[in-house]
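A.B. asks: If you scroll down you'll find the structure; I have some questions about it.
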């Protein structure tokens, strides 16, 4: 068992019959994830890659004991898909969908949190845990073949793959990789996700991948300085060259009103005693030093 | 989507806020006519969606309609932080007794709406926020609970007003209107700076800013239409890129950057900078880009006048390396460009991608650091 997912995680895929949904449903199964059902309103009774499809999450949960959901539903209906999953009684919801209106996300995430449900995303690659061969997300399976003791927590998708790949190449194994998402409002934010993976006794070191926008990195640095995380952390921040006022691809990656720039985040980590890598390729080197 | 000041004020007015009388002018003649109708003195305000217009000469007071004509003539076509002035908002000149600040945003950390209120406002609010943060009151509103009387009371009292007065009515109505614009128009920011207490004792927003969530524009067809007619703060390349379907941000260097995924693309820019080069842009082809999207992305940079070297850094997951390679090949064939290209390809279908690119003689790197160094070297030649 890892902190967020494990052998008892039984997954329903919302939006299972769509192009992305069915493609990744198959990849997740290949990885080893227990996918028990798919949901697409109006397609109940069909099946995708051998997995039964239902019209509602409630039915999928009732029939298959699903306790987690991965959402590939288009942006306009995705927030409602979160509400449906929460009311159906799952414990973990991973929202892959990009471009969800921020007010919709705000309401859905607050509702989920008020009911004790963990949301990862939206606009995220999801979560993958090699030791338990479980992936709720879209990460390339090939990179996450080596189980180990390093946790990766990230605001970016591809950069998570890049740095995970560098870590594996350098001989590290991955315990868990969590992409928290690039939107301004996310379910589990960078700080909370880091605290969460730090709880796992199997995790020996944590790599935090931040980017411009918001202050999750600064809040995390402050907690680290206060001693809340008793494990080595290495950080990398993308967007040193990002100009203020421009959105850098992610809705949440924007330097606004003089705050959220990479420099402030890097300084906060350094002041807290967290080494910050200059490039993604420096991450394994810094981690090796700390873990010696 | 950043709304112009006049659009933001119209939204507030729609929800019951009193705003100074104003007209939009597209020519000096219209400015003259507006000044006559409103009655001088008037303020001419350049409608460009950047902060700091005033300091850049985009706000002028005219004492006569003729002066409004002359001043507007100089203001039209002016370049303010890269944006050209095409619209001028002519409003009644209102003298402020005191300038305040009031804004509403979404607070990421607490996942609530957040009012920021300061009894002192005006142009230097960022400095005020840094130098005396204690002046800024934070009032959080839970979306499930909504805006309540007590929230308004906290804001009104902090700004220095007493319940039961005319100003109290006015500030209440402004707070409520800002909240309604926020929620009903899917805004990310609703701001009034300065919010003025006038010499006549009225509370009036002298300026207003609204930024609407692009992802929710489909719910606001009026704004979608306005954006189509006036793309606001995007450069020619940015507008084109948006049409094709990738994220593009203009920068001022000479190395064109293409990556997949926002984080990796930003990291690629940083890597170029780290080795002493200067990125010309940020271009994220997104997840699972097709051959066509890649072709268009590469073409944009090959045609870009400032770009000397194109550096493509792909870590394929959903994105397939062979599609990327085909896109690069197509772009080269179509433009016949002589610009240098450096490619780093990793991930899904890497081998096929490698074969396609070596056929057309594009140097391929496995390691992004080496690729970045090479791109920087080539830009210096």
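Protein chains in written order, with this note's numbering: chain A, 199 to 490; chain B, 294 to 674. All residues carry an ideal CB built from backbone N, CA and C; glycine is no exception.
Relative to chain A, which residues along the stretch 558-578 of chain B have a C-beta separation below 7 Å, given in chain order?
C.D. replies: Those residues of the stretch 558-578 of chain B that come within reach of chain A (Cβ to Cβ, closer than 7 Å) are 558, 559, 560, 562, 563, 564, 566, 567, 572, 575 and 577.
A.B. asks: Counting only beta-carbon separations shorter than 8 Å, does residue 285 of chain A have a partner in chain B?
C.D. replies: Working through the first chain from its first residue, we reach residue 285 of chain A at position 87. Judged by the 8 Å Cβ criterion, residue 285 of chain A is not in contact with chain B.
A.B. asks: Against chain B, does residue 357 of chain A count as a neighbour if the rule is that its beta carbon must be under 8 Å from one of theirs?
C.D. replies: Mapped onto the first chain, residue 357 of chain A falls at position 159. Yes, residue 357 of chain A lies at the interface with chain B (some Cβ there is under 8 Å from its Cβ).
A.B. asks: Hey, is residue 308 of chain A's beta-carbon within less than 8 Å of any beta-carbon in chain B?
C.D. replies: Position 110 of the first chain holds residue 308 of chain A. It does; some Cβ of chain B falls within 8 Å.
A.B. asks: Do residue 477 of chain A and residue 330 of chain A count as a contact pair if the criterion is CB distance below 8 Å?
C.D. replies: The residue you call residue 330 of chain A lines up with position 132 of the first chain. The residue you call residue 477 of chain A lines up with position 279 of the first chain. No.
A.B. asks: Put residue 333 of chain B into one of helix, strand or coil per three-state DSSP.
C.D. replies: Position 40 of the second chain, counting from 1, holds the residue named residue 333 of chain B. Here residue 333 of chain B sits in coil by DSSP.
A.B. asks: Is it buried or exposed, residue 463 of chain B, if we count other Cβ atoms within 10 angstroms and call 16 or more buried?
C.D. replies: Reading the second chain from its first residue, position 170 is the one you call residue 463 of chain B. When all chains shown are included, residue 463 of chain B counts as buried.
A.B. asks: I think residue 327 of chain B touches residue 383 of chain B, with their Cβ atoms under 8 Å apart; what is that distance to the nearest whole Å?
C.D. replies: In the second chain, residue 327 of chain B corresponds to position 34, counting from 1. In the second chain, residue 383 of chain B corresponds to position 90, counting from 1. Between residue 383 of chain B and residue 327 of chain B the Cβ distance is about 4 Å, and since that is below 8 Å, they are a contact.
A.B. asks: Look up residue 252 of chain A in the DSSP assignment and give the residues it is bridged to.
C.D. replies: Along the first chain, read from residue 1 onward, the residue named residue 252 of chain A stands at position 54. Note: residue 252 of chain A sits in a beta bridge opposite A:237.
A.B. asks: For residue 429 of chain A, which of A:400, A:474, A:437 and A:481 has the nearest alpha-carbon?
C.D. replies: Counted from its first residue, the first chain places residue 429 of chain A at position 231. Of the listed residues, the one whose Cα sits closest to residue 429 of chain A is A:400.
A.B. asks: Measure the CB-CB distance between residue 242 of chain A and residue 251 of chain A and report whether it falls below 8 Å.
C.D. replies: By 1-based counting over the first chain, the position of residue 242 of chain A is 44. By 1-based counting over the first chain, the position of residue 251 of chain A is 53. Closer than 8 Å, so yes.
A.B. asks: Check whether chain B comes within 8 Å of residue 402 of chain A, counting only Cβ atoms and requiring the distance to be less than that.
C.D. replies: Translated into the one-based positions of the first chain, residue 402 of chain A becomes position 204. Taking Cβ atoms only, chain B never reaches closer than 8 Å to residue 402 of chain A, which makes this a no.
A.B. asks: Nearest to residue 612 of chain B by CA position, among A:299, A:254, A:359 and A:314, is which residue?
C.D. replies: As a position in the second chain, residue 612 of chain B is number 319, starting the count at 1. Residue A:359 is the option with its Cα nearest to residue 612 of chain B.
A.B. asks: Using a beta-carbon distance below 8 Å, is residue 608 of chain B in contact with chain A?
C.D. replies: Working through the second chain from its first residue, we reach residue 608 of chain B at position 315. Output row for residue 608 of chain B: interface = yes.
A.B. asks: Could you pull the start and end residues of the beta strand (DSSP E) that residue 393 of chain B belongs to?
C.D. replies: If you number the second chain from 1, residue 393 of chain B lands on position 100. 389-400 is the extent of the beta strand (DSSP E) around residue 393 of chain B.
A.B. asks: Can you give me the start and stop residues for the beta strand (DSSP E) that residue 317 of chain B sits inside?
C.D. replies: As a position in the second chain, residue 317 of chain B is number 24, starting the count at 1. Counting along the chain, the beta strand (DSSP E) containing residue 317 of chain B begins and ends at 315-318.
A.B. asks: Alpha carbon to alpha carbon, what distance is there between residue 585 of chain B and residue 441 of chain B?
C.D. replies: For the purposes of this step, residue 441 of chain B is taken as the residue at position 148 of the second chain. For the purposes of this step, residue 585 of chain B is taken as the residue at position 292 of the second chain. Residue 441 of chain B and residue 585 of chain B: Cα-Cα distance of roughly 52 Å.
A.B. asks: My output table needs one value for residue 346 of chain B: the three-state DSSP class, helix, strand or coil.
C.D. replies: The count along the second chain starts at 1 and reaches residue 346 of chain B at position 53. If DSSP states are grouped into helix, strand and coil, residue 346 of chain B belongs with coil.
A.B. asks: Compare the C-alpha of residue 494 of chain B against each of B:372, B:538 and B:454 and name the closest.
C.D. replies: By 1-based counting over the second chain, the position of residue 494 of chain B is 201. When only C-alpha atoms are compared, the closest one is B:454.
A.B. asks: Does residue 436 of chain B come within less than 8 Å of chain A when only Cβ atoms are used?
C.D. replies: In the second chain, counting from the first residue as 1, residue 436 of chain B sits at position 143. Chain A, which has a Cβ nearer than 8 Å to the Cβ of residue 436 of chain B, makes this yes.
A.B. asks: What's the call for residue 593 of chain B, buried or exposed, on a 16-neighbour Cβ count within 10 Å?
C.D. replies: Counted from its first residue, the second chain places residue 593 of chain B at position 300. The residue in question, residue 593 of chain B, is buried, as its Cβ has 16 or more Cβ neighbours within 10 Å.
A.B. asks: Measure the alpha-carbon distance for residue 562 of chain B versus residue 354 of chain A and round it to whole angstroms.
C.D. replies: For this step, residue 562 of chain B is matched to residue 269 along the second chain. For this step, residue 354 of chain A is matched to residue 156 along the first chain. Straight-line Cα distance between these residues: approximately 15 Å.
A.B. asks: From this set, A:362, A:485 and A:442, which residue's C-alpha is nearest residue 557 of chain B's C-alpha?
C.D. replies: Counted from its first residue, the second chain places residue 557 of chain B at position 264. Minimum Cα distance to residue 557 of chain B is reached at A:362.
A.B. asks: Evaluate contact between the stretch 278-295 of chain A and the stretch 313-322 of chain A, counting only Cβ atoms and requiring at least three cross-stretch pairs below 8 Å.
C.D. replies: At 8 Å Cβ cutoff, the stretches touch.
A.B. asks: Please confirm if the stretch 456-476 of chain A is in contact with the stretch 598-609 of chain B, defined as three or more CB-CB distances below 8 Å between the two stretches.
C.D. replies: No, the stretch 456-476 of chain A is not in contact with the stretch 598-609 of chain B.
A.B. asks: How should residue 343 of chain A be labelled, buried or exposed, when 16 other C-beta atoms within 10 angstroms of its C-beta is the threshold for buried?
C.D. replies: In the first chain, the residue the question calls residue 343 of chain A occupies position 145. The residue in question, residue 343 of chain A, is exposed, as its Cβ has fewer than 16 Cβ neighbours within 10 Å.
A.B. asks: Going along chain B in order, which residues have a C-beta closer than 7 Å to the C-beta of residue 281 of chain A?
C.D. replies: As a working note, residue 281 of chain A is residue 83 in the first chain. None at all; the shortest Cβ gap to chain B is about 12 Å.
A.B. asks: Can you confirm whether residue 354 of chain A, when its beta carbon is compared against all beta carbons of chain B, has any partner nearer than 8 Å?
C.D. replies: Sequence index remark: in the first chain, residue 354 of chain A carries index 156 (1-based). Output row for residue 354 of chain A: interface = yes.
A.B. asks: Can you check the stretch 345-375 of chain B for any beta strand (DSSP E) of at least 3 residues that lies completely inside it and give the ranges in chain order?
C.D. replies: Counting whole runs of 3 or more residues, the stretch 345-375 of chain B contains the beta strand (DSSP E) stretches 352-355.
A.B. asks: Note down, in chain order, each residue of its chain lying with its Cβ closer than 8 Å to the Cβ of residue 507 of chain B, except the 5 sequence neighbours on either side.
C.D. replies: As a first step, residue 507 of chain B must be located in the second chain, where it is residue number 214. Once the five neighbours on either side are set aside, the close Cβ partners of residue 507 of chain B are 294.
A.B. asks: Compare the C-alpha of residue 609 of chain B against each of A:340, A:397, A:454 and A:373 and name the closest.
C.D. replies: Here the question's residue 609 of chain B lines up with position 316 in the second chain. Nearest option by C-alpha distance: A:340.
A.B. asks: Which class does residue 479 of chain A belong to by DSSP, given the choice of helix, strand or coil?
C.D. replies: Translated into the one-based positions of the first chain, residue 479 of chain A becomes position 281. It is helical.
A.B. asks: If you follow the alpha helix (DSSP H) that residue 444 of chain B is in, where does it begin and where does it stop?
C.D. replies: In the second chain, counting from the first residue as 1, residue 444 of chain B sits at position 151. Counting along the chain, the alpha helix (DSSP H) containing residue 444 of chain B begins and ends at 442-451.
A.B. asks: Look at the alpha carbon of residue 500 of chain B and the alpha carbon of residue 488 of chain B, and state the distance between them as a whole number of angstroms.
C.D. replies: Here residue 500 of chain B is taken as the residue at index 207 of the second chain, counted from 1. Here residue 488 of chain B is taken as the residue at index 195 of the second chain, counted from 1. Distance between the alpha carbons of residue 500 of chain B and residue 488 of chain B: 7 Å.
A.B. asks: Report the residue from B:465, B:335, B:414 and B:456 whose alpha carbon sits nearest the alpha carbon of residue 363 of chain B.
C.D. replies: Against the second chain, residue 363 of chain B aligns to sequence position 70. Comparing Cα-Cα distances from residue 363 of chain B to each of B:465, B:335, B:414 and B:456, the minimum goes to B:335.
A.B. asks: Here's a check: name, in chain order, each residue in its chain whose Cβ is nearer than 6 Å to the Cβ of residue 631 of chain B, leaving out the five neighbours to either side.
C.D. replies: Taking the first residue of the second chain as position 1, residue 631 of chain B is located at position 338. Nothing meets the Cβ criterion.
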